[in-house]
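Trainee:
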Amino acid sequence: MLGDLRKAQEVFHTTLREAALRAAQGELPKEPFWLFRDARWRCLEASKTDLQPEPLELDEHDVAPEAALQIEQLEPTQLAVWISNAPDPQRAALALFYLDEFDCREILELAELKLSELSRLLAQGRRQLQAWLDAKHPEAHKV
Amino acid sequence: MKTLGLLRRQRALLNCAPISEDRLTDRSMRSAVSSAAASADFVNQQNFDRAVAELVRLIPIPPETAEWFSEKDLVVGSKWTWKKMVRNPAVLAISIAVAVIAGVSVFLLVSHLNDFPGSATARKLLTVAASTRPVMLDPVSTEAGTLSDLFFMKHGLEHYDVPDEFADFRTIGCRVFEDEESRRIAQIWLGEKRMQLFLFPAERNTKTGAVLRFPGWRYVHQEGWVGAVTERSGVCFMAALRGGEKDLQPYLSTAAGR
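Residue numbers (this note's numbering), protein chains in the order written: chain L, 15 to 157; chain B, 6 to 263.
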């Protein structure tokens, strides 16, 4: 969500500290996933002060059969930075989806999205990532 | 139009198809995935998603944060100990309530174990005994056993006989009175240990009118007094004194010796 280890750590600790305080005061919300939603908002808040990329139309390519090979050539941090640069709510949708910890309904609840919105954001994210991969590793695309 | 809507929803579901099969919990999602399983586009998408998810798992986590997940329990839940459970106000309140209920039940059970036909009347008469003063009785100095004739001749009370165990004791006074249920009760005061004797009608079956009999002597207790009750010929006899059963015991055992 942040593409910055230090900030991620800060958000993580603040979220847990707040949760511990609320637990001590017996004020924990009953709704599920409140902790994740809280963490998401803190991430968005923390990245507000960052330099924002200029809004521009990213290239989009259809997902290619060799995409898996192209992804293997990426560094994990490169992917983290790429996802963290996506505008919200696409950033939250991609981060929550690729964490592979939640099912579709849970992601909809967490990211406060409708199915059609999540679907559009994920599909667009895949096509944009594929275009970026094609630009970054064109040789793999040609194979 | 409806088909188009359905297709659009199915497309939307497929775009959100989970990476791991164990997240395939929703029925409509399962149906959409199974119908598109053979499609090349969907296979590409799934391979793409799996590759991205694998890379996401490799994103480094700061060691300070990773420490939180290395422990078995992120938050150590407070263990329930017996001490804690007992101190819980709800548990404490319930325990006290149960203890009181159990105590009352045991008390009632024990007191009912000693119950016999006429025991309620006998207890009331022990209260009478406790509050009786000698001046309230007609002074009569004779042997207790001889008062049966007096009760029959003067008051028309049949079978109001003092048992042999107490027949030889000297009396101080006696009287006949009616209780709140208009039953006629004979009361005798003895010189022996300021003991009082009572004769009253035995309880009867409300339907048949038959006397409810019970064998031997039975004890009743009330306000520091003890009474030994027996039933003969439809009349109950009670010897009462202030004290415990051991104080009455020697008088009753004389019957066995005779």
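In this text, a Cβ means the ideal position worked out from N, Cα and C, and glycines have one as well.
#1: By DSSP, does B:P65 sit in helix, in strand, or in coil?
#2: Give the straight-line distance between the Cα atoms of B:F174 and B:S146, rounded to the nearest whole angstrom.
#3: Using a C-beta cutoff of 8 Å, does B:V38 count as contacting chain L?
#4: Below 8 Å, can you find three or more Cβ-Cβ pairs linking the region 87 to 96 of chain L to the region 60 to 67 of chain B?
#5: Along chain B, in chain order, which residues have C-beta atoms closer than 7 Å to that of L:Q23?
#6: According to DSSP, which residues form a beta bridge with B:V240?
#7: For B:V80, count the other beta carbons within 10 Å of its own beta carbon; 16 or more makes it buried, fewer makes it exposed. Which is it?
#8: Check B:H226 in the structure and name its three-state DSSP category.
#9: Quick check on this structure: which residue in L:L143, L:L19 and L:D148 has the alpha carbon closest to the alpha carbon of B:A71?
#10: Taking B:D120 as the reference, which of B:G232, B:L253, B:R28 and B:R223 has the closest Cα?
#11: Is the number of C-beta pairs between the region 156 to 173 of chain B and the region 120 to 138 of chain B that are closer than 8 Å three or more?
#12: Does the distance from the C-beta atom of B:I190 to that of B:L202 stay below 8 Å?
#13: So, with DSSP's three-state summary, where would you put B:C179?
#14: With a threshold of 8 Å between beta carbons, is B:L12 in contact with chain C?
#15: Find the nearest neighbour of L:A82 within the set B:P68, B:E59, B:T86 and B:E69, judged by alpha-carbon distance.
#16: Express the C-alpha separation of L:A109 and B:T86 in angstroms, rounding to a whole number.
#17: Taking only beta-carbon positions, decide if L:A81 is within less than 8 Å of chain B.
#18: So the candidates are L:R51, L:L30, L:Q142 and L:K62; which of them puts its Cα closest to the Cα of L:I121?
#19: Relative to chain L, which residues along the region 91 to 109 of chain B have a C-beta separation below 9 Å, given in chain order?
Mentor: To lay it out plainly:
#1: coil
#2: 10 Å
#3: no
#4: yes
#5: P67, E69 and T70
#6: B:P206 and B:R237
#7: Because the pLDDT of B:V80 is 49, which lies under 50, any placement of that residue in the model is unreliable, and the question is left without a value.
#8: strand
#9: L:L19
#10: B:R223
#11: no
#12: no
#13: strand
#14: No chain C is present in this structure, whose protein chains are L and B.
#15: B:E59
#16: 42 Å
#17: yes
#18: L:R51
#19: none
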